[in-house]
Amino acid sequence: MEIIEMRHPYDHETIPDEEIVLVLGFFDGVHLGHQKVIETGRKIAEEKGLKLALMTFNQHPSIVFQKVDPEKMQYLTSLAQKEAHMEKLGVDILYIIEFTSAFANLAPQVFVDEYMIGLHAKVVVAGFDYTYGKKEIANMALLPTYAENRFEVVTVAQESFDEEKVSSTRIRSALQNGDMAQVNRLLGYIYEFEGTVVHGDARGRELGFPTANIKVKSTVRLPKEGVYVTEIKVGDKWYPSMGSIGHNDTFGQGRQLTVEIYILDFHQDIYGETVAIRWHHFLRDQVAFNGAQALIEQLKQDERDTETYFDGLSEEN
1 MEIIEMRHPY
11 DHETIPDEEI
21 VLVLGFFDGV
31 HLGHQKVIET
41 GRKIAEEKGL
51 KLALMTFNQH
61 PSIVFQKVDP
71 EKMQYLTSLA
81 QKEAHMEKLG
91 VDILYIIEFT
101 SAFANLAPQV
111 FVDEYMIGLH
121 AKVVVAGFDY
131 TYGKKEIANM
141 ALLPTYAENR
151 FEVVTVAQES
161 FDEEKVSSTR
171 IRSALQNGDM
181 AQVNRLLGYI
191 YEFEGTVVHG
201 DARGRELGFP
211 TANIKVKSTV
221 RLPKEGVYVT
231 EIKVGDKWYP
241 SMGSIGHNDT
251 FGQGRQLTVE
261 IYILDFHQDI
271 YGETVAIRWH
281 HFLRDQVAFN
291 GAQALIEQLK
301 QDERDTETYF
311 DGLSEEN
């Protein structure tokens, strides 16, 4: 997959001189609804013998429109994760537009001329709710007017699950509730993010449950506080694990929020390594236990529950 980063105004010489099917969207999470849009574009590209291109942005538009602090803007997928998903879904060319004020303020006709015609689109594919400016004047219903018969417009209908729209907003809400079953169903894969293993206070080691303390970027959308069945990728291998997001209130109030992973049957030193974590299943809420021994007994139960979960996955497969 070819990745082309662009900033408005761009140099037309950087654009491949070939006709394409162009898919449009921000695609945070690359969930089932997004996958439907991309798959629609891929099928059309195959039928027409054209390359499949996808255009997205380097940051969320609200950073420009609502002046959200970029460090506080949380995503379901990082740009690197998004790129990996696009490649798996068969995208040939990925255009990443730097979302600036100049780009955001383009008139709809200019956007169409520069970023659809300018990219040599013969077919433009987007979801029913895609906008390219103020929604009253820059929506999918009006796109054929701006296209002026220069390209075909394909609007992909809403994807629903349990009679409700699949959306990034719905997934964020489920994450906030710790409903990983819902999150993972709507994504079509297991929710995942990366972090770096850093030194903690070694409290888990003292309890017989040594944990990897994970430093996570502020832009990652964390599930709600609690204990989870997780998997952790160290090097090229995935290991069953238990994940904890919380403040370790058993050992005092006002402690910093941490992400800790206890890896089952694992004894390697991984300090400083970048790891990926998949969040499978919510086990329980965080509890301030009455002493270390009560916590140890609960952790033993959490470990048994985690093993049972993965045993069930093995039987399904």
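Numbering (the UniProt record's numbering), first residue to last: 1 to 317. C-beta atoms are modelled at their ideal positions from N, C-alpha and C, and glycine is treated no differently.
Boundaries of the beta strand (DSSP E) around M6: E2 to M6. In chain order, T14, Y95, I96, I97 and E98 place their CB closer than 8 Å to the CB of M6, counting only its own chain and leaving out the 5 sequence neighbours on each side. Counting only residues of its own chain and dropping the five nearest sequence neighbours on each side, A138 has a CB closer than 6 Å to the CB of P108, T131 and Y132. M180 carries a helical assignment under DSSP once its states are collapsed to helix, strand and coil.
Fully enclosed alpha helix (DSSP H) runs of no fewer than 4 residues occupy 203 to 207 of the UniProt domain "Riboflavin kinase" (186 to 311), in order along the chain. Each residue's CA atom was taken as its position, placing V220 and Q59 some 13 Å apart. For Y95, the enclosing beta strand (DSSP E) stretches over residues I93 to I97. A straight-line Cα-Cα distance of about 10 Å links Y239 and A276. Taking the Cα of G127 as reference, the smallest distance to any Cα among K165, T308 and Y115 is reached at K165. E273 places its beta carbon less than 9 Å from that of G235.
Fully contained in the segment 104 to 161 are the following alpha helix (DSSP H) runs of length 4 or more, in chain order: 108 to 112 and 143 to 147.
In the DSSP assignment, K51 is bridged to I20. Where K88 is concerned, the enclosing alpha helix (DSSP H) starts and stops at L79 to K88. Comparing alpha carbon positions, the residue from K215, R205, L207 and Y189 closest to V198 is K215. In the DSSP annotation of this structure, the continuous segment of the alpha helix (DSSP H) that includes V64 starts and ends at S62 to F65. With contacts defined as CB atoms closer than 9 Å, E18 and L50 qualify as a contacting pair. The C-alpha of V229 lies about 49 Å from the C-alpha of Y146. Here DSSP, grouped into helix, strand and coil, assigns K165 to strand. Taking all protein chains in view, the Cβ of K82 is crowded by 16 or more other Cβ atoms within 10 Å, so the residue is classified as buried.
Taking a cut-off of 8 Å on C-beta distances, the segment 27 to 36 does not touch the segment 108 to 122, as fewer than three cross pairs fall below it. Taking the C-beta atoms as reference points, V21 is found nearer than 9 Å to A45. Judged by beta-carbon spacing, T56 lies beyond the 9 Å limit of V154, meaning their Cβ atoms are not closer than that value.
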